[in-house]
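Q: Mind having a look at this structure? Questions to follow.
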Amino acid sequence: MKEDRKLLHSRCSIYALRCAPFSLYLGDELEENQNNNQQKHQLSKLLSKIDERKRLKTAKEDESETVSTKYKTPGKEVGSGNKSENKQLDTKLDQQTPSIKLKREKHKAGTEVDGFTILGTHQFGKKKKVKRVLPNWLANPTIISTNLQKLTTSVEDVPGIDEDLVQKLKENNIIQFFPVQSHLIPYLLSAHNKPRYYWPSDVCVSSPTGSGKTLAFVIPIVQALKKRVAIHIRALVVLPVQDLAMQVYEVFKNYCEITDLKVLLVTGQNSFKLEQRQLVRTCVASDPQTLVDIVVTTPGRLVDHLQYTPGFSLKNLRFLVIDEADRIIENIQDDWLYYVEKHINKGLHPPPLSVSTLQWYRPPPQKLLFSATLSQDPEKLHQLALFQPKLFTSVINESSEIGENIKMSKEIRGDFIGKYTTPLELREQFCVVEAANKPTLLYHLIKSNGWKHVLCFTNTRIISHRLSLLLKHLGEGEIKVAEISTALKRAERNQILSHFAAGKIDVLVSTDAFARGMDILDVKFVISFDPPKYVKNYIHRVGRTGRAGKVGNAITFLLESQRGQFTEMLQEAGKVVKELTVPSKDFEYLTSHNKKALAKLNQVLEEEKDKNLKSMKFQKKHKFSVDAPVAYTCGLSGEGEVLARTPGQSVLSLERLGFALYGKEASDEGQTRSGDRTVNTKIE
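Below, the structure is given as structure tokens:
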């Protein structure tokens, strides 16, 4: 039996070994079948989910159709079947998914869920433009008309002006006041006729160029001071440049002839010691004695006298006039106002208004700010510490009507920031032209139209010099061209301006140095050969024409790449300028003349360069001061700058002279920069 069992066990083992690969194969097949079954089960689950989603989507569509049908046919049965089936279907659909219409209504209403606003089919409206919140005096100015054709105020109708002053106005052919004068003169006179306890408010005036702002402060000052007894400096007029100061001084001098008032121009055209003798008389046995009532000056020269002139006192000052105030404010970092503050009544800032200060303090000087582009930014005006200021302006939205009794609504408050006006008689245009064709286009416009009294502006003095020479060669004597800049002597500049006004000069080429405030007579056309960089420069350029009610024209040359920036700049200032189109074929006949003129120009420039180099070497060898012609051609301003410095004058170095000749040109604004060093190039 045991043997039989062993035999059976061995046979079974052999059979198992033979069948082992087969059993392993069967096991793998079973495992694979199980995996396939699992995949089929998962696939069936996914298919069932897809079918469920399709069913829900179909139910939503049926529900939306049911809702829309109910709104279209209220009170009628909807769909097939009885009402109970429809109600059951609607109830079932409402349980499965929320109403789309309710969702949209909630989204439009801005429903919040758990603190979150549901974003859906919101229909956002156009946002309203936020107006700046301005101080009351800026938000509610006195509006001045810009119409200089309809004048209604006679010089005899303004109360407070003495008869002799009225007669002087008539002698100067002034029969009626311009709008800015008819508003401002009575206001200033009434402010100074009040008792001492009523301190006058400061005044800011923003009005177009040529609207009569100078006479608007000259007449009240002369009238208020003409009956003075003791001589003290009671009016100080500060202007940014010498030529503008000379112009204002001439107006004061004209109207002070009928009074005992003494007016003095202090700009550096005379020696510093001579100006000191004209301002103050020093006495051994007594205090220094002031010799003038009205001082017209520039900031730099004013600081020199405040520091170095003994007896120069502003304690009795009643008027502080800042003409072209926007430029003065921009340069306020030069601290000229700090020195003035130290000399006026123990500080320029008015003390707190109380009964005690009214009784014991002398009223602070009334500050009068004038400019065609006066900044109405409260942050900038705050630097001047204005006392209860009042704004007179003609700067409003073009769609607003101007009247004597205009009421400022809340909608137009804030429209004053960055807005500028020009005279109504001024016609403004721009012309797009290629850079190479700008000189020929300019000559074509002047020659073909027979223009006279043309004032042309460029951005740099070198371009002015080259353009004037090129126009002379193009015209070959047919048109008379002259160039003017601060590099010329004052007598030469005055002679050029007088010849231009008399018609002896057809075209006058200049830089922006003569764009601000200068009253150049009989300018009929203003051409901006180079577009201005800032809107303020544009306003002052075009303001040289269309003055005092006369018709004027202004054209700006642009490259195609400059069109967008120029129009955007003017749109931000509230202005729209029309385009002047001149086909290039209209001035093709000048092509050959232009080539010849350019060849002559290059020859003249080379000759000037050689001459200037020889002159500079001679000056360096003998250590002489540079004369006016060399300074002019080298891009330096001023007449004969000297090596020894007196207050208000610049020091000339040979290094600077070489820099001006070979490097960047000096600016008409009075400074040029070389690396980290700023060099003054203008003599006060």
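82 is the number of the first residue of the sequence shown in the working numbering; add one for each residue after it.
Ideal Cβ placement from N, Cα and C applies to all residues, glycine included.
Keep in mind it's a predicted model, so treat the numbers as computed, not measured.
(1) Here's the rule I'm using: 16 or more other beta-carbon atoms within 10 Å means buried, otherwise exposed. How should T363 be labelled?
(2) Please identify the residue among P446, Q576, H621 whose C-alpha is closest to the C-alpha of E509.
(3) Report yes if the C-beta distance between S282 and I225 is below 7 Å; otherwise report no.
(4) Rounded to whole angstroms, what's the CA-CA distance from I544 to A516? Just pull it up for me.
(5) Give a yes or no on whether the C-beta atoms belonging to Y336 and K249 are separated by under 7 Å.
(6) How is Q119 classed by DSSP in three states: helix, strand or coil?
(7) Sorted by chain position, which residues of the same chain lie with C-beta nearer than 8 Å to G556's C-beta, five sequence neighbours on each side aside?
(8) With distances taken Cα to Cα, identify the nearest neighbour of G627 among L507, K701, K614.
(9) Short check: CB of V607 to CB of L548, under 7 Å?
(10) Between which two residues does the alpha helix (DSSP H) harbouring D766 extend?
(11) On the three-pair Cβ rule with 8 Å, is the stretch 439 to 446 touching the stretch 246 to 264?
(12) For P433, is the classification buried or exposed, using 16 other Cβ atoms within 10 angstroms of its Cβ as the cut-off for buried?
(13) Taking its Cβ as the centre, do 16 or more other Cβ atoms sit within 10 Å of T672, making it buried, or is it exposed?
(14) Locate the beta strand (DSSP E) running through A316, then write down its first and last residues.
(15) Do V361 and F393 have their C-beta atoms closer together than 7 Å?
(16) Go ahead and pull the three-state DSSP assignment for T672.
(17) For the candidate residues A568, G584, S579, whose alpha-carbon lies nearest to that of W532?
(18) Which one of V318, A272, K617 has the shortest CA to CA distance from E653?
(19) Under the assumption that I339 contacts L246 (Cβ atoms under 8 Å), give the Cβ distance between them as a whole number of angstroms.
(20) From the DSSP output, in three-state form, read off F197 for me.
(21) Quick one, which of L137, A406, T348 has its alpha-carbon nearest H386's?
(22) Using alpha carbons as the reference points, say which of Y619, S435, R571 lies closest to M327.
(23) Please state whether the Cβ-Cβ distance between P470 and W218 is less than 7 Å.
(24) Quick check on this structure: which residue in K138, A297, T503 has the alpha carbon closest to the alpha carbon of N228?
(25) Is it buried or exposed, D691, if we count other Cβ atoms within 10 angstroms and call 16 or more buried?
(26) Please report the straight-line C-alpha distance between P446 and L398, rounded to a whole angstrom.
(27) Tell me whether N274 sits in a helix, a strand or coil according to DSSP, three-state version.
(28) Looking only at its own chain, which residues have a Cβ that is under 7 Å from the Cβ of A596, when we skip the five neighbours before and after it?
(29) Can the beta-carbon of I410 be found less than 7 Å from the beta-carbon of K461?
(30) Do you know whose CA, among L296, D341, V303, lies nearest V261's CA?
(31) Based on DSSP bridge pairs, tell me the residues matched to E422.
(32) Can you say whether S437 is buried or exposed, counting buried as having 16 or more other CB atoms within 10 angstroms of its CB?
(33) Please state the DSSP three-state secondary structure of Q350.
(34) May I ask which residues mark the beginning and end of the beta strand (DSSP E) holding R542?
(35) Mapping DSSP to helix, strand and coil, what is R508?
(36) Between E405, V514, W417, which lies nearest to V322 when the distance is taken from Cα to Cα?
A: Short version:
(1) By the 10 Å Cβ count, T363 comes out exposed.
(2) Considering only alpha carbons, the answer is H621.
(3) Result no, Cβ atoms of S282 and I225 do not sit closer than 7 Å.
(4) So the two alpha carbons sit approximately 13 Å from each other.
(5) Yes, they are a contact pair.
(6) Residue state, collapsed to three classes: helix.
(7) Once the five neighbours on either side are set aside, the close Cβ partners of G556 are Y524, K528, V562.
(8) Put simply, of L507, K701, K614 the residue whose alpha carbon is nearest the alpha carbon of G627 is L507.
(9) Taking 7 Å as the Cβ cut-off, V607 and L548 do not qualify as a contacting pair.
(10) Past the boundaries of the shown model lies residue 766; the chain is included only from 82 to 765, so the question cannot be answered.
(11) In short, these stretches do not touch, since the Cβ pair count stays below three.
(12) By the 10 Å Cβ count, P433 comes out exposed.
(13) Classification for T672: exposed.
(14) Boundaries of the beta strand (DSSP E) around A316: 316 to 319.
(15) V361 places its beta carbon less than 7 Å from that of F393.
(16) T672 falls in the helix class under three-state DSSP.
(17) Here the closest residue by C-alpha is G584.
(18) Nearest option by C-alpha distance: K617.
(19) Indeed they touch by this definition, with Cβ atoms about 7 Å apart.
(20) In this structure, F197 counts as strand in the three-state DSSP scheme.
(21) Taking the Cα of H386 as reference, the smallest distance to any Cα among L137, A406, T348 is reached at T348.
(22) Of the candidates Y619, S435, R571, the residue whose Cα lies closest to the Cα of M327 is R571.
(23) For the 7 Å CB-CB criterion, P470 and W218 form a contact.
(24) The shortest C-alpha separation from N228 is found at T503.
(25) Exposed.
(26) Their backbone Cα atoms lie some 6 Å apart in a straight line.
(27) Coil.
(28) Sequence-distant Cβ neighbours of A596 in its own chain, meaning closer than 7 Å and more than five residues away, are F538, N618, H621, R622, R625.
(29) For I410 and K461, yes; Cβs fall inside 7 Å.
(30) From the listed residues L296, D341, V303, the smallest Cα separation to V261 is found for L296.
(31) Answer is none; E422 lacks a bridge partner.
(32) With fewer than 16 other Cβ atoms within 10 Å, it is exposed.
(33) Of the three classes helix, strand and coil, the one that applies to Q350 here is coil, per DSSP.
(34) Per DSSP, R542 belongs to no beta strand (DSSP E); it is in the alpha helix (DSSP H), 542 to 556.
(35) Annotated three-state conformation of R508 is strand, per DSSP.
(36) Residue E405 is the option with its Cα nearest to V322.
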